[in-house]
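Before any comments, here is the structure.
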Ligand SMILES: NC(=O)c1ccc[n+]([C@@H]2O[C@H](COP(=O)([O-])OP(=O)(O)OC[C@H]3O[C@@H](n4cnc5c(N)ncnc54)[C@H](O)[C@@H]3O)[C@@H](O)[C@H]2O)c1
């Protein structure tokens, strides 16, 4: 059952303040080392474009993981080799060293996701993509086609799905009648702008970076029974532009009109993301409010009722439900129940299950736990439409394969009423800037 993985340098953040305070030893590498200890993972290949950074990366892995937890084999094979200054396509060599059925865990900048994931699928590797899956609906649809052709599993690493409270909220929401309103807020301190200096406002934005999480949660909750129709975005600026010296939003809000398929009623959503807050009691302020017509739910993902204070760091809210880094009394990694770990583990278990014939893609889809690329095009459509709305100063319409809704044959499979509308009704095919009649500008056909 040996799996191989490829992933980029998430355990290494080359800024003075290091990694975010909620993931001091990273997530992907640590999870893979623990899964190797458990026997699910074999060879681990680490790929980046800068070989000369690899010694520092391995040193970070040794200090933050190898010397902290007992029993973890932290051996990494690195591409490109240490003497290589820069090789942007080293991932192709890394993938060629792997076998069909192995897994690629891809955490490169957003605008590279599509190319690297396509190459992985073409090598018949199962793919786990950092969110946002890709930046445009067209990329999403093309990648989904390549993945379907290759017959591999491709998922987006939306780890909030594995937060026990979010997962429970999804199932409870199914009892609350048609969707009515959703509001989410996710915000991080302005130090993030130093960490993300290389791409913030250039290659991606704060909406792709953080709104993606709760747009997925919302879309997952409504489970194909409602779909977004148009998106209008607004932004705040000032902090990022001063810090980075170029145009860059601090905060982006997306207002989205949703439509329920069964009775044609409407629902509304507001997703807000920021990287311009002051330092607070936790790295990320986050949570959501869901309203069905018969009830509502609120989850505060930042405050789990666990606080502390230190001379050095002051007052803090802790969330070991995400990644539990404190070793157990025998110095072993003890975070196997954290939703950051579970998210990686479930994907790799599913990939191993597919390889071993113990599960099928249709079964994973019907279970609805993993965020399959094929079921998350709506998330990309909203993010893409949000970016277009900011760029054009207008609302952006999302159009679909079909406008007539019927309950699909998949009704009742799995739990939470997943995938209730038929595929064409919930399949976004294009995003288009709205304006006066005749002035609509087709910016992306989505094909
Ligand atoms: N799930 C989460 O909570 C979470 C958290 C942070 C980042 N992310 C996602 O991870 C991705 C990376 O974000 P980041 O801030 O680490 O970006 P980054 O700019 O630090 O890039 C990540 C790594 O990719 C490498 N890279 C760049 N070009 C490459 C190429 N051609 N081939 C191989 N490697 C290449 C960089 O050198 C870097 O080490 C983004 O999609 C981001 O949204 C997800």
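Numbering (full-length UniProt numbering), first residue to last: 1 to 447.
Where a beta carbon is used, it is the ideal one built from N, C-alpha and C, also for glycine.
Where residue 278 falls, given that 16 or more other Cβ within 10 Å makes a residue buried: The sequence position of residue 278 within the chain shown is 278, counting from 1. With fewer than 16 other CB atoms across the displayed protein chains lying within 10 angstroms of its CB, residue 278 is exposed.
Measure the alpha-carbon distance for residue 60 versus residue 395 and round it to whole angstroms. As a first step, residue 60 must be located in the chain shown, where it is residue number 60. As a first step, residue 395 must be located in the chain shown, where it is residue number 395. Their Cα atoms are separated by approximately 45 Å.
Beta-bridge pairing of residue 211 - partner residues as DSSP gives them: As a working note, residue 211 is residue 211 in the chain shown. None; residue 211 has no bridge partner.
Is residue 120 near residue 145, with beta carbons less than 8 Å apart? Numbered from 1 along the chain shown, position 120 holds the residue referred to as residue 120. Numbered from 1 along the chain shown, position 145 holds the residue referred to as residue 145. No, the Cβ-Cβ distance between residue 120 and residue 145 is not below 8 Å.
At a cut-off of 7 Å, would you count residue 283 as near ligand 1, judging by its Cβ distance to the nearest heavy atom? Numbered from 1 along the chain shown, position 283 holds the residue referred to as residue 283. Residue 283: no, Cβ never under 7 Å from ligand 1.
For residue 278, which of helix, strand or coil comes out of DSSP? As a first step, residue 278 must be located in the chain shown, where it is residue number 278. The answer is coil: DSSP assigns residue 278 none of H, G, I, E or B.
beta-carbon residue 112 near ligand 1 non-hydrogen atom, thresh 7 Å: Indexing the chain shown from 1 puts residue 112 at position 112. Residue side-chain check: residue 112 places its Cβ nearer than 7 Å to a non-hydrogen atom of ligand 1.
Proximity below 8 Å, CB of residue 134 to CB of residue 113: Numbered from 1 along the chain shown, position 134 holds the residue referred to as residue 134. Numbered from 1 along the chain shown, position 113 holds the residue referred to as residue 113. Contact: yes.
Between 202, 421, 168 and 282, which lies nearest to residue 245 when the distance is taken from Cα to Cα? Here residue 245 corresponds to residue number 245 of the chain shown, with the count starting at 1. Nearest option by C-alpha distance: 202.
Who are the near neighbours of residue 23 in its chain, counting only those whose CB is closer than 7 Å to its CB and skipping five residues on each side? Taking the chain shown and counting its residues from 1, the one referred to as residue 23 is at position 23. 323.
State the start and end residues of the unbroken beta strand (DSSP E) segment that holds residue 128. To locate residue 128, count along the chain shown from 1; it is residue 128. 126–129 is the span of the beta strand (DSSP E), which, as asked, contains residue 128.
Inter-residue Cα distance where the pair is residue 157 and residue 91: Reading the chain shown from its first residue, position 157 is the one you call residue 157. Reading the chain shown from its first residue, position 91 is the one you call residue 91. If you draw a straight line from the Cα of residue 157 to the Cα of residue 91, it is about 19 Å long.
CA-CA distance, residue 449 and residue 374? Not covered by the structure: residue 449. The range shown for the chain is 1 to 447.
How about residue 25 and residue 339: do their beta carbons lie closer than 8 Å? Residue mapping note: residue 25 aligns to position 25 of the chain shown, counting from 1. Residue mapping note: residue 339 aligns to position 339 of the chain shown, counting from 1. Going by beta carbons, residue 25 and residue 339 fall outside the 8 Å limit.
With a floor of 4 residues, list each alpha helix (DSSP H) that falls wholly inside the stretch 55–136, ordered by position along the chain. Whole alpha helix (DSSP H) segments, 4+ residues: 90–96 and 113–122.
What is the rounded straight-line gap between the Cα of residue 419 and the Cα of residue 151? Translated into positions along the chain shown, residue 419 becomes position 419. Translated into positions along the chain shown, residue 151 becomes position 151. CA-CA distance, residue 419 to residue 151, rounds to 21 Å.
Please tell me whether, using a cut-off of 7 Å, the distance from the CB of residue 48 to the nearest non-hydrogen atom of ligand 3 is below it. This structure lacks ligand 3; the ligands present are ligand 1.
Straight-line Cα distance separating residue 358 from residue 275: Indexing the chain shown from 1 puts residue 275 at position 275. Indexing the chain shown from 1 puts residue 358 at position 358. Looking at the two C-alpha atoms, the distance is approximately 43 Å.
Below 7 Å, is the gap between the Cβ of residue 432 and the nearest heavy atom of ligand 1? As a first step, residue 432 is located in the chain shown; it is residue number 432 there, counting from the start. Look at residue 432: its beta carbon is at least 7 Å from all of the heavy atoms in ligand 1.
Taking buried to mean at least 16 other C-beta atoms within 10 Å of its own C-beta, is residue 238 buried or exposed? As a working mapping, residue 238 is identified with position 238 in the chain shown. Under this definition residue 238 is an exposed residue.
Could you tell me whether the stretch 378–398 touches the stretch 162–181, where touching means 3 or more Cβ pairs closer than 8 Å? In the pairwise beta carbon analysis, the stretch 378–398 is classified as not touching the stretch 162–181: fewer than three pairs are separated by under 8 Å.
Below 8 Å on the Cβ atoms is my contact criterion, and I expect residue 378 with residue 227 to pass it. Report the Cβ-Cβ distance as a whole number of Å. Against the chain shown, residue 378 aligns to sequence position 378. Against the chain shown, residue 227 aligns to sequence position 227. Sure, about 6 Å apart at Cβ, within 8 Å.
Give me whichever residues DSSP pairs with residue 307 in a beta bridge. Indexing the chain shown from 1 puts residue 307 at position 307. Here residue 307 is bridged, per DSSP, to 317.
DSSP three-state label for residue 40, please. Working through the chain shown from its first residue, we reach residue 40 at position 40. In the structure shown, residue 40 falls within a coil segment according to DSSP collapsed to helix, strand and coil.
Burial state of residue 154 (16 or more Cβ within 10 Å): The residue you call residue 154 lines up with position 154 of the chain shown. Classification for residue 154: buried.
How big is the Cα-Cα spacing for residue 142 and residue 307? Walking along the chain shown from the start, residue 142 turns up at place 142. Walking along the chain shown from the start, residue 307 turns up at place 307. As the crow flies, the alpha-carbon of residue 142 is around 45 Å from that of residue 307.
Cutoff 6 Å; reference residue 341; Cβ partners in own chain excluding five residues on either side: Counting from 1 along the chain shown, the entry for residue 341 is found at position 341. Within the same chain, residue 341 has close Cβ partners 31 and 335.
To the nearest angstrom, how far is it from the Cα of residue 181 to the Cα of residue 175? In the chain shown, counting from the first residue as 1, residue 181 sits at position 181. In the chain shown, counting from the first residue as 1, residue 175 sits at position 175. Cα to Cα, residue 181 sits roughly 15 Å from residue 175.
Can you have a look at residue 436 and say buried or exposed, based on whether 16 or more other CB atoms are within 10 angstroms of its CB? Position 436 of the chain shown, counting from 1, holds the residue named residue 436. For residue 436, the predicted model reports a pLDDT of 49, less than 50, meaning its position is unreliable and no value from the coordinates is stated.
What did DSSP end up calling residue 271 once you bin it into helix, strand or coil? The residue given as residue 271 occupies position 271 in the chain shown. Looking at residue 271 - three-state DSSP - the assignment turns out to be strand.
Endpoints, the alpha helix (DSSP H) within which residue 265 is located: Working through the chain shown from its first residue, we reach residue 265 at position 265. According to the DSSP assignment, residue 265 belongs to no alpha helix (DSSP H), since it is labelled neither H nor E.
DSSP on residue 421, reduced to helix/strand/coil? For the purposes of this step, residue 421 is taken as the residue at position 421 of the chain shown. Strand, per DSSP.
In whole angstroms, what is the alpha-carbon distance linking residue 187 and residue 297? Numbered from 1 along the chain shown, position 187 holds the residue referred to as residue 187. Numbered from 1 along the chain shown, position 297 holds the residue referred to as residue 297. Rounded to whole angstroms, the gap between the alpha carbons of residue 187 and residue 297 is 20 Å.
Going along the chain, which residues of its own chain have a beta-carbon closer than 8 Å to the beta-carbon of residue 319, five neighbours each way excluded? Within the chain shown, the letter at position 319 stands for residue 319. 22, 282, 301, 302, 304 and 306, listed in sequence order.
Express the C-alpha separation of residue 74 and residue 62 in angstroms, rounding to a whole number. As a first step, residue 62 is located in the chain shown; it is residue number 62 there, counting from the start. As a first step, residue 74 is located in the chain shown; it is residue number 74 there, counting from the start. For residue 62 and residue 74, the distance between alpha carbons rounds to 7 Å.
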